[in-house]
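*Asks:* Before I ask anything, let me first share the structure, which is written out below as structure tokens.
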Amino acid sequence: MKFDYALSKFKSLGYKDIFKHFKGGHYLKIGEGNHTETGERLTAYTDSKGDLYFHPTEMFNGTVIKDGNEVPRFVNIKNWD
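The numbering of the sequence shown is the working numbering, which starts it at 213 and goes up by one.
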């Protein structure tokens, strides 16, 4: 129920991409940008509580080992176009 409300809120604000983290959390991808000093590409994302996170884009789009299997770190589960 709480996540359905968050999806509705994200959609109403015009955000498109909702991701599920391999540990189970759901996040809204806000966008990408470059670190001002290193030039590293970063992905900005938030949870339904509004906490803001940044990952190197390569890591955000990368894979991890879970239960002996290689899985995506984040999976796009919702895209409104």
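All C-beta atoms in this analysis are idealised placements derived from N, C-alpha and C, irrespective of residue type, glycine included.
None of the values given here were measured: they were computed from a predicted structure.
If you measure between the beta carbons of Tyr265 and Thr275, is that distance less than 8 Å?
*Replies:* Translated into positions along the sequence shown, residue 265 becomes position 53. Translated into positions along the sequence shown, residue 275 becomes position 63. Not closer than 8 Å, so no.
*Asks:* By alpha-carbon positions, which one of Gly236, Phe231, Phe234 and Leu240 ends up nearest to Ser224?
*Replies:* Reading the sequence shown from its first residue, position 12 is the one you call residue 224. Of Gly236, Phe231, Phe234 and Leu240, the residue nearest in Cα terms is Leu240.
*Asks:* What ranges does the alpha helix (DSSP H) occupy inside the stretch 230–279, keeping only unbroken runs of at least 4 residues that lie completely in it?
*Replies:* 269–272, all fully within the stretch 230–279.
*Asks:* Starting from the C-beta of Glu244, find all residues in its chain whose C-beta is less than 8 Å away, skip the five residues before and the five after it, and write them out in chain order.
*Replies:* Here residue 244 is taken as the residue at index 32 of the sequence shown, counted from 1. Correct list, in chain order: Arg253, Leu254, Thr255, Ala256 and Thr269.
*Asks:* Taking just the CA atoms, how far does Phe234 sit from Phe272?
*Replies:* As a first step, residue 272 must be located in the sequence shown, where it is residue number 60. As a first step, residue 234 must be located in the sequence shown, where it is residue number 22. Those two C-alpha atoms are separated by around 11 Å.
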